[in-house]
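J.: In my numbering, the protein residues as written are 23 to 297.
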């Protein structure tokens, strides 16, 4: 029997719709071994108006009963709620998630800043790059089904860290597909023929049929977005290099563009995560 998972769902108490919690509940009900649900209620001060005249920063016990306890009890899940007053949102998430041994962190993606483009806060980028487990960005209105899982890899990579990231992405993508009984596909973008990935190695390491391996010429975000749309992907697994130091100067523009090119949930994995 596989080890029981622990889902860490981050809830923004200034909202009345909690897509990350909803996704955690839906996913838990589909799994043969029900995971534990850990609900972490906290505010990212960088993205919320904390002024005293903002009525949404005040919540009473009725709100907690209706918004959190009720759906979890109705689903019959084992859960725990923790509330954080820390003004270091990302650090609080990391501390609490590590303390309880979370196997996946679920957070709301939010709304694009423009018609399509996301612009994540520094706190979210730090979370993506430093999390010890996968971070699932849940999109508003995403379909509950998981029929097609797409993993985006870079088999042109030569550095050990990048190759480890490929392995992490493939392992998580295959695991998700197995959990949901979904089709598993892999996409690898390249810009020119000098950077064409080794398709034979792709087939060997993924153990997929050629019809499930997509090698596409073009910019990474455009290639992944096109394949995701063509195959009807419900979730896309991408990677970002785990980095320390000045995150602001290493935001990961490619990852930001990829997320912006998609309209489905995205699983972000960094090279520090060990599958």
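The C-beta atom is built at its ideal place from N, Cα and C for all residues, glycine as well.
Could you pull out every unbroken beta strand (DSSP E) segment of at least 3 residues lying fully inside the segment 242-268, listed in chain order?
T.: DSSP runs (the beta strand (DSSP E)) wholly in the segment 242-268: 257-262.
J.: Any idea which residues DSSP pairs residue 49 with across the strands?
T.: Residue 49 pairs with nothing; no bridge assigned.
J.: Could you tell me whether the Cβ atoms of residue 293 and residue 183 are closer together than 8 Å?
T.: Result yes, Cβ atoms of residue 293 and residue 183 sit closer than 8 Å.
J.: From the DSSP output, in three-state form, read off residue 58 for me.
T.: Of the three classes helix, strand and coil, the one that applies to residue 58 here is strand, per DSSP.
J.: Quick check on residue 39: buried or exposed, where buried means 16 or more other Cβ atoms within 10 Å of its Cβ?
T.: With fewer than 16 other Cβ atoms within 10 Å, it is exposed.
J.: What does DSSP give as the partner residues of residue 101 in its beta bridges?
T.: Partner(s): 59.
J.: Whole-angstrom Cβ separation of residue 124 and residue 60, contact assumed at under 8 Å?
T.: Confirmed, about 7 Å.
J.: Determine the DSSP secondary structure at residue 205, reduced to helix, strand or coil.
T.: Reduced to three states, the DSSP call for residue 205 is strand.
J.: Which of the three DSSP states is assigned to residue 229 in this structure?
T.: Residue 229: coil per DSSP, three-state reduction.
J.: If you check the beta carbons only, do residue 261 and residue 172 fall under 8 Å apart?
T.: No, the Cβ-Cβ distance between residue 261 and residue 172 is not below 8 Å.
J.: Can you confirm whether the segment 99-117 touches the segment 75-84 when touching is taken to mean that 3 or more C-beta pairs between the two stretches lie within less than 8 Å?
T.: No, because fewer than three Cβ pairs between the segment 75-84 and the segment 99-117 fall closer than 8 Å, the two stretches do not touch.
J.: Given this structure, state the Cα-to-Cα distance separating residue 177 from residue 213, to the nearest angstrom.
T.: Their backbone Cα atoms lie some 13 Å apart in a straight line.
J.: Starting from residue 129, follow its DSSP beta bridges and name the residues at the other end.
T.: Paired residue(s): 159.
J.: Measure the alpha-carbon distance for residue 65 versus residue 36 and round it to whole angstroms.
T.: Straight-line Cα distance between these residues: approximately 8 Å.
J.: Just to confirm the assignment, what range does the alpha helix (DSSP H) spanning residue 117 have?
T.: Segment 111-121, the alpha helix (DSSP H) holding residue 117.
J.: Output the boundary residues of the alpha helix (DSSP H) element that contains residue 287.
T.: Not the alpha helix (DSSP H): residue 287 falls in the beta strand (DSSP E), residues 287-292.
J.: Given 8 Å as the limit, is there contact between the segment 227-237 and the segment 144-163, that is, 3 or more CB pairs closer than that?
T.: Flag = no, the segment 227-237 and the segment 144-163 do not touch.
J.: Taking the C-alpha atoms as reference points, what is the distance between residue 215 and residue 240?
T.: Rounded to the nearest angstrom, the two C-alpha atoms are 11 Å apart.
J.: Can you give me the Cβ contacts of residue 269 inside the same chain, cut-off strictly under 8 Å, excluding the 5 residues immediately before and after it?
T.: With a pLDDT of only 43 at residue 269, under 50, the local geometry of the prediction cannot be trusted, and the value read off the model is given with reservation. The residues are 144, 147, 148, 151.
J.: Measuring straight from C-alpha to C-alpha, what distance separates residue 256 and residue 286?
T.: So the two alpha carbons sit approximately 6 Å from each other.
J.: Residue 25 to residue 48, Cα distance in whole Å?
T.: So the two alpha carbons sit approximately 19 Å from each other.
J.: Under the rule that 16 or more other beta-carbon atoms within 10 Å means buried, what is residue 158, buried or exposed?
T.: When all chains shown are included, residue 158 counts as buried.
J.: Which residues does DSSP pair with residue 28 in a beta bridge?
T.: Answer is 58, bridged to residue 28.
J.: Between the Cα of residue 210 and the Cα atoms of 181, 103, 244, 202, which residue gives the shortest distance?
T.: Closest option to residue 210, Cα to Cα, is 244.
J.: For residue 290 versus residue 156, is the C-beta distance shorter than 8 Å?
T.: Contact: yes.
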